[in-house]
Amino acid sequence: MKLTRKITSILSDQRVVLSIITLALFLFFGLKNKAFFSADFVLFPLLRDAATITVVGLAQLCALSIGHLNLAVGRMAAVSAMATGYSYQYLGFSLPLGVLVGLITGALLGALTGWIVVKSQVNAFIVTLAMDFALLGFVTFIYVTFTPAAAFTTKPAGMDFWRNTSLAQYCIAGVCGPKIFPMMIFPMIVALLLVGFMYGKTRLGRELLLTGSNLRAAKLSGIPVDRRVITAHIFSGTLAGLAGVMLGFTNGSFSAAIGSEFMLPSFLGPVLGGTLLTGGSVAVFGTMMGTLLTLVIRQGLSVQGIGLETLNIALGLVLLLALSLGQIQKMFTSIRSRGRT
Amino acid sequence: MNLKSFLRHRMTEASLTLIFILGFLALVATSQGVLLSEESLQSFFTYLAIPILIGMAQMVVLAVGQMNLAVGAMGGVSSAVMAVLMADHKFPIWAGLLVGFLSALAMGAINGALVVVTQLNGFIITLGTMTILLGFQYRLVRTFTIDQYPTSLSDFGTKSIGPVPYILLISLAVSVLLSLYFTRTGSGRRVLATGGNPLAARLSGISNARSVFIAHTLSGALVGAASIITIASLSGINRSIGGDWMLSSFAAPIIGGVLMAGGTIAVYGTVIAAGVIRLVDIARAQYSLDPSIVSFTVGVVVLSTVALSEWRRRGSERQHVGRKVSA
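Chains as they are written, first to last, in numbering that gives the first Met the number 0: chain A, 0 to 340; chain B, 0 to 326.
Given below as structure tokens:
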């Protein structure tokens with residue numbers, strides 16, 4: 000009895016379930032087609048994408064934590080990447096300085112969004128959607144006006160290192176790191192640790208979550224709710240900016256296309272990981288697992304030679320299924336608890 | 000109704016009409032009257048028909064306080080269905096159009112049912128269905144352009160009374176019907192009540208679930224109508240259809256005075272706002288500016304309209320409160 004209860008409690012942890020499904024799918028795709036295990040062509044790019052998209056997911060997670068949505072994640076990433084690319088091409092900035100420019104741009108965009116949300120009291124998804132439309136035109140306009148090829152192509156020293164190097168080139172006492180891990184996972188790990196630490200261990204994180212779960216209660220317990228809303232959007236913008244810069248590094252150039260594919264994955268990761276859309280509960284590590292799962296499905300299907308259209312159908316279904324499963328689970332627990340009393 | 004209260008309630012629509020007339024005259028003047036030629040007037044009106052209908056499709060969902068991100072994907076799939084049926088399966092025109100229209104209606108109904116059953120935000124549901132539908136659209140048309148359907152259909156698209164094409168008349172007629180539905184029928188008013196205050200609506204015996212379902216289904220039907228017009232006015236259907244519908248679907252109703260919080264509609268405002276956006280597009284072509292400048296302008300206008308309308312609403316609320324206290 001005790002053992003079964005323990006097993007159910009482990010199995011009801013979304014992260015465990017996610018890891019098991021991801022691993023099973025990973026093995027399934029690999030056994031069906033050996034090409035899936037190829038380090039150079041599949042796994043290395045997969046993890047490089049996973050790193051970027053996890054950061055996008057974290058950007059969305061910060062907005063979700065206070066019960067908001069950020070529909071402009073992709074475009075914030077685009078503007079930040081544009082700022083970074085501009086600083087490399089026209090100002091001759093060094094690599095870390097350019098990254099800093101991108102992060103600050105993202106933070107400013109987030110602050111602006113948060114400020115509009117607080118001041119106008121308009122629903123966040125409307126403000127961010129309108130923001131997305133405004134930035135969309137802005138980004139294309141800047142690229143068309145300032146660049147000959149609609150992209151900033153200057154590569155500062157060290158960019159290729161971040162793009163192409165894997166841990167295999169680092170050896171300690173003759174043991175080298177695995178070839179499948181790209182350098183890109185380090186920014187992701189840093190972001191995961193920082194966001195996880197903030198929500199798990201700090202007062203700021205708890206205040207954000209409380210703001211998300213019950214705005215009135217948060218206000219009554221003396222939390223500066225308006226300021227926390229802006230804070231959450233600043234974090235969201237900064238992380239979106241980081242993701243944009245990471246994608247720019249991966250592509251080797253900065254163009255208006257950066258971020259245009261971010262919206263769906265930004266929700267998939269956190270939602271699969273167990274983050275509530277209504278706010279108040281986040282799953283930082285789960286976001287990474289959710290992202291990995293979607294990427295394994297995507298890459299696995301495309302290695303099987305299944306086209307883009309089926310991938311879209313599959314990912315849309317995964318999102319709808321994950322959402323409905325959460326809802327069904329909630330329904331069952333409420334029925335069960337009602338039966339008990 | 001006296002003039003003052005009329006102006007206060009119709010402020011947005013009156014000023015949009017003024018902007019439309021002034022902008023039109025300015026464009027006529029700077030183009031040395033080229034815009035007044037029958038040809039350019041006809042093309043102006045032809046490409047106005049689709050934005051009006053997709054604006055309406057978004058407006059009915061906004062009326063219940065939700066949004067439909069899938070308008071473009073739904074339009075893409077339903078026009079692809081029409082084109083494939085008529086070109087590859089030799090369906091007669093009426094049957095092809097009917098099946099395509101019904102498919103759009105069904106997609107709207109599915110959105111509505113999913114929102115009602117899962118109790119989730121309509122935005123996230125339509126994000127999911129949008130992704131799925133984009134997959135289906137690609138499956139249907141691949142990378143081809145389908146144009147082997149009967150030419151009588153595209154002939155119909157070019158027919159007009161004077162400079163006004165039939166298809167614009169169709170979308171105006173649909174708008175009038177929609178306006179009648181919301182102002183004259185019980186069902187329409189119940190939908191608006193749900194959007195205005197779901198709790199109050201429920202307490203007065205309105206089924207919010209039914210209102211949400213009706214709004215999404217209606218949105219699907221309007222997308223279906225937009226697809227019929229699309230296939231009649233374009234020479235071929237490819238995978239890019241619907242890709243640029245999202246911004247204009249939101250822009251027209253929001254600029255036209257529809258509150259995103261729900262509970263309001265503005266049929267005339269949406270139509271005239273679509274006209275203004277069309278003028279911006281014409282101006283861009285006339286001064287040969289980059290297309291991105293249009294989406295930037297429209298986006299900024301939408302963002303400021305959203306912020307302004309809320310600010311104005313709160314201002315008027317404060318005024319009312321103040322008045323009550325002093326009385």
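All residues carry an ideal CB built from backbone N, CA and C; glycine is no exception.
These numbers come from a predicted model, not from an experiment.
Would A:Gln59 count as contacting chain B if we go by Cβ distances under 9 Å? Walking along the first sequence from the start, residue 59 of chain A turns up at place 60. At least 9 Å separates the CB of A:Gln59 from every CB of chain B.
For B:Ile124 versus B:Asn110, is the C-beta spacing smaller than 9 Å? In the second sequence, the residue the question calls residue 124 of chain B occupies position 125. In the second sequence, the residue the question calls residue 110 of chain B occupies position 111. Yes, they are a contact pair.
Taking CB distances under 9 Å as the criterion, tell me whether B:Asn120 reaches chain A. The residue given as residue 120 of chain B occupies position 121 in the second sequence. At least one beta carbon of chain A lies nearer than 9 Å to the beta carbon of B:Asn120.
Confirm, please, whether the CB-CB distance from A:Phe234 to A:Ala58 is below 9 Å. Numbered from its first residue, the first sequence carries residue 58 of chain A at position 59. Numbered from its first residue, the first sequence carries residue 234 of chain A at position 235. Against a cut-off of 9 Å, the Cβ pair of A:Phe234 and A:Ala58 comes out as a contact.
Please report whether the beta-carbon of B:Thr263 lies at a distance below 9 Å from any beta-carbon of chain A. As a position in the second sequence, residue 263 of chain B is number 264, starting the count at 1. Closer than 9 Å: no.
Relative to the alpha-carbon of A:Pro177, which residue among A:Pro186, A:Phe185 and A:Leu166 has its alpha-carbon at the smallest distance? Looking up residue 177 of chain A in the first sequence gives position 178. Here the closest residue by C-alpha is A:Leu166.
Relative to the C-alpha of B:Val293, which residue among B:Val301, B:Asp280 and B:Ile169 is closest? Position 294 of the second sequence, counting from 1, holds the residue named residue 293 of chain B. B:Val293 has its Cα closest to that of B:Asp280, out of B:Val301, B:Asp280 and B:Ile169.
Backbone CA spacing between A:Ser79 and B:Leu96 [nearest angstrom]: Here residue 79 of chain A is taken as the residue at index 80 of the first sequence, counted from 1. Here residue 96 of chain B is taken as the residue at index 97 of the second sequence, counted from 1. Going by the C-alpha atoms only, they are around 45 Å apart.
Top-ranked residue by Cα proximity to B:Val299, from A:Phe124, A:Arg4 and A:Phe137: Sequence index remark: in the second sequence, residue 299 of chain B carries index 300 (1-based). Put simply, of A:Phe124, A:Arg4 and A:Phe137 the residue whose alpha carbon is nearest the alpha carbon of B:Val299 is A:Phe137.
Output yes if chain B places a C-beta closer than 9 Å to the C-beta of A:Leu219; else output no. Within the first sequence, the letter at position 220 stands for residue 219 of chain A. Not an interface residue.
Nonlocal neighbours in the same chain, by C-beta distance under 8 Å from A:Phe92, ignoring five residues either side: Position 93 of the first sequence holds residue 92 of chain A. If the five residues before and after A:Phe92 are omitted, its C-beta is found closer than 8 Å to the C-beta atoms of Ser86, Val100 and Pro155, all from its own chain and listed in chain order.
Identify every run of the alpha helix (DSSP H) within the stretch 209 to 254 of chain A, keeping only runs that are complete inside it and at least 4 residues long; order them along the chain. Whole alpha helix (DSSP H) segments, 4+ residues: 214 to 219 and 224 to 250.
Close Cβ partners of A:Tyr142 (< 6 Å) along its chain, the five nearest in sequence each way excluded: In the first sequence, counting from the first residue as 1, residue 142 of chain A sits at position 143. So the list reads Ala149 and Ala255, once near-sequence residues are dropped.
Would you check if the stretch 275 to 289 of chain A and the stretch 55 to 75 of chain A touch, i.e. whether three or more CB-CB distances between them fall below 8 Å? Yes, the stretch 55 to 75 of chain A touches the stretch 275 to 289 of chain A.
Is B:Trp310 close to chain A? Criterion is C-beta to C-beta, closer than 9 Å. Taking the first residue of the second sequence as 1, we reach residue 310 of chain B at position 311. Taking Cβ atoms only, chain A reaches closer than 9 Å to B:Trp310, which makes this a yes.
Counting only Cβ pairs nearer than 7 Å, list the residues of chain A close to B:Ile123. To locate residue 123 of chain B, count along the second sequence from 1; it is residue 124. Correct list: Phe266, Leu276 and Leu322.
Can you confirm whether A:Gln303, when its beta carbon is compared against all beta carbons of chain B, has any partner nearer than 9 Å? Along the first sequence, one-based indexing puts residue 303 of chain A at 304. Under the Cβ distance rule, A:Gln303 does not count among the residues neighbouring chain B, no pair being separated by less than 9 Å.
Proximal chain A residues relative to B:Ala282, where beta-carbon distance stays under 7 Å: Position 283 of the second sequence, counted from the first residue, corresponds to residue 282 of chain B. Within 7 Å Cβ-Cβ: nothing; B:Ala282 doesn't reach chain A, min ~15 Å.
Would a check of beta-carbon distances place B:Asp146 closer than 9 Å to chain A? Within the second sequence, numbered from 1, the residue matching residue 146 of chain B stands at position 147. It does not; no Cβ of chain A falls within 9 Å.
Could you check whether the stretch 214 to 222 of chain A touches the stretch 27 to 47 of chain A, counting it as contact only if at least three pairs of C-beta atoms, one from each stretch, sit closer than 8 Å? Contact between the stretch 214 to 222 of chain A and the stretch 27 to 47 of chain A is not established, with fewer than three Cβ pairs separated by less than 8 Å.
With 9 Å as the C-beta to C-beta threshold (strictly closer), list the residues of the stretch 246 to 278 of chain B near chain A in chain order. Here the close residues are Leu246, Phe249, Ala250, Ile253, Met259 and Ala260.
Should A:Thr340 be flagged as near chain B, meaning a C-beta pair shorter than 9 Å? In the first sequence, counting from the first residue as 1, residue 340 of chain A sits at position 341. Its pLDDT being 49, under 50, A:Thr340 is placed unreliably in this model, and the value from its coordinates should be taken loosely. At a cut-off of 9 Å between beta carbons, A:Thr340 makes no contact with chain B.
Min CB distance A:Ile115 to chain B below 9 Å: For the purposes of this step, residue 115 of chain A is identified with residue 116 of the first sequence, where counting begins at 1. Cβ-Cβ to chain B under 9 Å: yes for A:Ile115.
Classification of B:Tyr148 by the beta-carbon crowding that lies within 10 angstroms, buried from 16 upward: Working through the second sequence from its first residue, we reach residue 148 of chain B at position 149. Buried, by the Cβ-count rule.
Which residues in chain B sit within 9 Å of A:Gln326, going by Cβ to Cβ distance? By one-based count along the first sequence, residue 326 of chain A stands at place 327. Chain-ordered, the chain B residues with CB closer than 9 Å to the CB of A:Gln326 read Val116, Thr117, Gln118 and Leu119.
Identify the contact partners of B:Thr128 in chain A, using a Cβ-Cβ distance below 7 Å as the criterion. Position 129 of the second sequence, counted from the first residue, corresponds to residue 128 of chain B. Taking a Cβ-Cβ cut-off of 7 Å, the neighbours of B:Thr128 in chain A comprise Gly315, given in sequence order.
Below 8 Å on the Cβ atoms is my guess for A:Ala129 versus B:Val305; work out the distance and round it to an integer in Å. If you number the first sequence from 1, residue 129 of chain A lands on position 130. If you number the second sequence from 1, residue 305 of chain B lands on position 306. Sure, about 5 Å apart at Cβ, within 8 Å.
The alpha helix (DSSP H) with A:Ile188 in it runs from where to where? As a working note, residue 188 of chain A is residue 189 in the first sequence. Here the alpha helix (DSSP H) through A:Ile188 covers Ile184 to Lys200.
Among B:Leu17, B:Leu288, B:Leu202 and B:Arg238, the one whose alpha carbon lies nearest that of B:Tyr137: Position 138 of the second sequence holds residue 137 of chain B. Nearest to B:Tyr137 by C-alpha distance, out of B:Leu17, B:Leu288, B:Leu202 and B:Arg238, is B:Arg238.
Segments assigned alpha helix (DSSP H), at least 4 residues, entirely inside the stretch 170 to 247 of chain B: The qualifying runs are 185 to 195, 197 to 202 and 207 to 232.
Coil, strand or helix - B:Ile49 by DSSP: Residue 49 of chain B sits at position 50 when you count from the first residue of the second sequence. Here B:Ile49 sits in helix by DSSP.
Contact residues within the stretch 284 to 298 of chain B, judged by C-beta distance below 9 Å to chain A: Within the stretch 284 to 298 of chain B, the residues whose Cβ lies closer than 9 Å to some Cβ of chain A are Asp289, Pro290, Ser291, Ile292, Val293, Ser294, Phe295, Thr296, Val297 and Gly298, listed in chain order.
Selected residue, minimal CA-CA separation from B:Leu68, among B:Ala260, B:Ala25 and B:Asp243: Sequence index remark: in the second sequence, residue 68 of chain B carries index 69 (1-based). Ranked by Cα distance from B:Leu68, the first of B:Ala260, B:Ala25 and B:Asp243 is B:Asp243.
With burial defined as no fewer than 16 other Cβ atoms inside 10 Å of the residue's Cβ, what is the status of B:Val173: buried or exposed? Position 174 of the second sequence, counted from the first residue, corresponds to residue 173 of chain B. The residue is buried, with at least 16 neighbouring Cβ atoms inside 10 Å.
Step through the CB atoms of chain A and report whether any lies within less than 9 Å of the CB of B:Ala326. Translated into the one-based positions of the second sequence, residue 326 of chain B becomes position 327. Residue placement at B:Ala326 cannot be trusted, given a pLDDT of 40 that sits under 50; the coordinates are not used to answer.
Can you round the beta-carbon distance between B:Thr117 and A:Gln13 to whole angstroms, since I take them to be within the 8 Å contact cut? Position 118 of the second sequence holds residue 117 of chain B. Position 14 of the first sequence holds residue 13 of chain A. Contact doesn't hold; Cβ gap of about 18 Å is too wide.
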